[in-house]
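Working notes, beginning with the structure itself.
Protein chains in written order, with UniProt numbering: chain S, 1 to 367; chain G, 1 to 367; chain C, 1 to 367; chain E, 1 to 367.
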């Protein structure tokens, strides 16, 4: 109820603050019998961890995960899987100057009014560092979904600040720090970020994620629609301000004759739906796009107030990502994987097992 | 779990299909002592009901609501409030021709694969008619929030198909069937719709909704962020494909110096955040924008398949809204109201009562 | 959250008060494709309805159920099933004298302090009449469990006030108004009740219920243990003050060598466990016993206070069951069925389908 | 959904197995601003820890708790509080001989069939060791309830095997290893346990717990009745087979004139209700009694089967409590505290803050 649990059957309850002793999560409802060790989880954490290029925060965190429970002789037992990551590089003195003031665009002001107390060290609970346990949990979901249905997840940055990044191919994504599916544009992105850092400013980004080989029939028809749950999961990522499924906002100006994806014996002919109709997966690719706002912690002085309501100027030092979107791709994939995992199990509850390859017709070219 | 309940403390569980005997909902968790009768609910239902202009479906439904429980001598008792609306004008023979085929862009295909059975009469459970009970429930939430905090909800259409609708003033919204906040553009909208109807086609729309006088501190910080819950609620409305909070997708190209709303002793200086920071309300206006896809049921013949996978052409007759966005404004307001209501009660649970006017500083010009 | 929903996947949300317009429930999560009509539900309602003998309340309620949704062409569609029963014989003037006072042993006092308002007509929401929708919902669960696993439910009264009722055979239960599994003792029970009624007093009862052919593996291991959920469901029935599973309170004085049910290749040799070990069903019979307190609404004058705290004498007229336990057997069966149904679906979610006849060894003589 | 979370608003999600790396829990929904450190939690863990007398398991576990999150500068922040206890004395070789067989009365058989895999080391997840995190979480609930309402919790053993333990006074409970409220009977209890241990057998126990100074109005009226939730919580403790509230099973043979607690201007005249009417607290003491079965792990050889269904004799060596009831008193208190804590917050959500001393009349002599 206090909002630290994600999912309904495959649940992830996280804990921890940016500069506390540890962060982690408890995953409940994982099917028993899945082969699992830290080696399945660590690579996903490494994709998201800080300090891997000059374009992200320079905080050094190995983000080494420990499985505390739920696995016996290398297989899940069906009982809760607890993951823990000890915080290492905390330097909380960096944040001392912001204890009494509110950073524009930051959660400080809202936390203070909600709880009457807040942990200011590194943003406390509101830090994007808290996406690490989610990425860890999603590694388990990804493995199970892949084994069960062949589902795979892909993601890339499609815009950095004012620079659109044309899609070239998924294979390029691991080769640059931006998760750009376009090798040629990387120098331009690097120059953009270098200029921004020098200016003491920050920028936003757009991230696209896709799930392929999704079984037909996932999602509930009225309120826990698959797309509604995806929107919830994505908007829950730090700094996200917008979510689109399929054609998204482009569908406003489309005609019905243009938007509605026709079906053929070979599958759907297009995918404006983004893989979801009536809140339920169709077997086509699930396509999602999100808008990430510019980082609020910047060196440029800004107008604000202190706790007493007096005007102050705020500059934020410490180590921050000048574009939080740069590390957001694996997080967005993780959220999508967790939503699909939960709905795969929900589907089993009411309707019995999804049979891989269920659809009597192929998902088709658009899929 | 099967997804027909909205909310966690103030819950709305709906039932019914487009052409079944009745639709309705059970509202649980309403605070006791609120004055309530059908007269509080009917006006909201009337704003959304079909058949009120030539631009919407011609199905005639008075949508008369009956309160079956939870009210004693004109006041809520704290026990479940059941609302029921009998379906009147069903004409299910109109739909006979679609039982064996799947309409492009429609939920038919997904329902069929999920459940192995579907109610084809008027779209069954997937009909937008099922938003009526939600609008009814939200009337109660709106009343309580207004009494408690002075919260008010406003909404308008900001784009119809390719036509943007510049905002002039909220006072114009009730005066036209499009919920346009702009009286001068109405003739153009009417002509656009008339042409579309003649062409047997449909179009999308963009709807904006706002909540004003929202207490500071609503929303949970990690997964049940206020903006995440709003995204979930909005994406759960039939035909919605995109959701934005505050600056939304515009924030991608913004700089941190531009996006982060500065604070002054007189309040926030701007509202790119859309009233939510770190997942928690700031006391500023909550601003939301949604993309609605074009109606999938159109008269123009389209390629599809039947249950056996054979190619067929599908034309949809019957009575349909050529733009489901036209009646979506009160629905979007309703969803926003239900989210805020639930979070107001969640806030009380953990942190005690929100005091109206809590913020030590005014929400300010941007608010 | 306000406590009017039972279950997690197969959920039953009830509404209504004793003397309001209607009572009913919304059942969500029912598997699709189950044949269902009112004829499946009405017989269970008839077993519990009032006015069927001189030993129960003389209120005349046909308790005719109407299915409002979720069924298409005689089969469930997987969408919510709403049941409604109109209240007929309300006579709320009978209760006028208790509006300002609190009946000893009754919910009046607690409701008043919780909500600051209460519906005094027939006990409002606290009336045992509200078990009717649950019995209706359970008819659906019983049918599904029976088709899926062959599960059957049986129940009987095993003690009426001071009179123990030795078990003779299940076949006798339908032949007397007490649900006694013993035809010989019925005249004694009738005489006991007649004397009690004359004395203006009431008595308690003990009810035993059993589920047979339960699949192995239902129940969650730590907090949603099957026995914990059964205890919750049973203690939630009006007037229940105690719950036992298997040997129950007799296990206090047992030795480990006596209590622990030995296993043989032919099955368990005894059933002290009552069919549950470690919170999970073993395939043996689930055996439950509950204690029901004497009805609090009695004609004998009793000391109490009014709302202002002044001493008053309270006599309760109107129509009441002199032993609410007499109609409790079908209710206890219903609660057990709903718990098993929910856990059958929960099991599918995490572990996949239970295969009927799963256990490699028979449940055995004690089962 | 997989049953490892207790509560709805104040939630406790536990993890860990008897012989895994660590056990612990995540507490979500704790009100912010509560002073909290390990020193508040450790004493409750020490009351329950093993190895403190010759009558309990000789496993040596210091059960040292570490707070991993949710506390800043000595006060709760409203974010999740994670507690972790590293397992120390594991000796899992003691359990090697039970991997292939099922111990009578033990969870082995059920786990094996549910999950197809089980952690046999010390009972894995089914071990009573898993009550430690709950006791830790309840220390927080007890502190908050005490500060808010003055609520206190007391418990004692009222029967050990065949020996009833007459109540003398709460002050004696901490002075003996049995939690007996009677100093004179302790030598008899010790002799009883010594004989049992020699015989390689085990016995059951009855535990009574009480909550005093409980606010009026906690509990939901239909399914989440306060007594139903207590029954659920208690039956969820390892080895519990029966639960009573107030008069419990004695109420079966009571008359209405005897059972219904009369009210006077000075308060209730008796407490057969056990502090709950209509599912809602009355402000009287909440009184609960539970039956604990004899430990199933005993040295006496017993008939069982192996995984292949072949007959075997099973003796259980290793370190076990010969009466799990001996350490159950603090666990039962903990469960009661967690239920009340959750319902105190639920009450705030729907009805606003409970005001301490709300009832206009004192709870009275029986209270």
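In this text, a Cβ means the ideal position worked out from N, Cα and C, and glycines have one as well.
Query	Result
Backbone secondary structure at residue 75 of chain S - three-state DSSP	strand
Per-residue DSSP class, three states only, for residue 329 of chain C	helix
Closer than 8 Å at the beta carbon, the chain S residues around residue 345 of chain C	349, 350
Entirely enclosed alpha helix (DSSP H) segments - the stretch 174 to 233 of chain S, minimum 4 residues	186 to 198
Proximal residues, the stretch 273 to 285 of chain E versus chain C, C-beta separation under 9 Å	273, 274, 276, 277, 278, 279, 280, 281, 282, 283
Run of the beta strand (DSSP E) containing residue 83 of chain E, from where it starts to where it stops	81 to 86
Beta-bridge pairing of residue 240 of chain S - partner residues as DSSP gives them	S/292
Where residue 108 of chain C meets chain S, residues with beta-carbon distance less than 9 Å	Under the 9 Å cutoff, chain S gives no residues; its nearest Cβ is about 30 Å from residue 108 of chain C.
Short CB-CB distance (under 8 Å) between residue 68 of chain G and chain C	yes
Beta-carbon gap between residue 287 of chain S and residue 246 of chain S smaller than 8 Å	yes
Collapsed DSSP secondary structure at residue 154 of chain C in the structure displayed	strand
Contact set between residue 28 of chain S and chain E, taken where Cβ atoms lie within less than 9 Å	1, 2, 3, 4, 5, 13, 15
Range of the contiguous alpha helix (DSSP H) that encloses residue 108 of chain E	108 to 115
Residue 11 of chain E and residue 29 of chain E closer than 8 Å at C-beta	yes
Neighbour flag for residue 78 of chain E against chain G, beta carbons, 8 Å	yes
Min CB distance residue 201 of chain S to chain G below 8 Å	yes
Same chain only: Cβ atoms within 6 Å of residue 224 of chain E, ignoring 5 sequence neighbours per side	none
Cβ-Cβ distance between residue 169 of chain E and residue 180 of chain E below 8 Å	no
Interface partners of residue 227 of chain G on chain E, CB under 7 Å	Neighbours of residue 227 of chain G on chain E: none; closest Cβ ~18 Å, over 7 Å.
Whole-Å CB distance - residue 79 of chain G paired with residue 221 of chain E, under 8 Å assumed	7 Å
Boundaries of the beta strand (DSSP E) in which residue 274 of chain E is found, first to last residue	First-last for residue 274 of chain E: undefined, no H or E at that position.
Any C-beta of chain E under 8 Å from that of residue 167 of chain C	no
Own chain partners of residue 299 of chain S with C-beta closer than 6 Å, once the 5 adjacent residues on each side are dropped	200, 315
DSSP-derived helix/strand/coil call for residue 341 of chain C	helix
Residues of the stretch 251 to 266 of chain S with Cβ closer than 9 Å to any Cβ of chain G, in chain order	251, 252, 253, 254, 255, 256, 257, 258, 259, 260, 261, 262, 263, 264, 265
is_contact[residue 18 of chain S, chain G] using C-beta, thresh 8 Å	no
Within 7 Å of chain G by C-beta, residues of the stretch 28 to 43 of chain E in sequence order	29, 31, 32
Residue 89 of chain E in three-state terms, based on DSSP	coil
Proximity to residue 116 of chain C [Cα-Cα], best of E/289, E/187, E/217, E/234	E/217
Whether residue 134 of chain G touches residue 326 of chain G by CB criterion (8 Å)	no
Assigned secondary structure, residue 131 of chain S (DSSP; H/G/I helix, E/B strand, else coil)	helix
For residue 353 of chain C, three-class secondary structure by DSSP	coil
Contacts that residue 130 of chain S makes with chain D (C-beta to C-beta distance below 7 Å)	Among the protein chains in the structure shown, which are S, G, C and E, there is no chain D.
Cα-Cα separation between residue 151 of chain E and residue 142 of chain E, rounded to whole angstroms	8 Å
C-beta contact flag for residue 248 of chain S and residue 291 of chain G at 8 Å	yes
Whole-Å CB distance - residue 294 of chain S paired with residue 156 of chain S, under 8 Å assumed	About 19 Å; that fails the 8 Å criterion.
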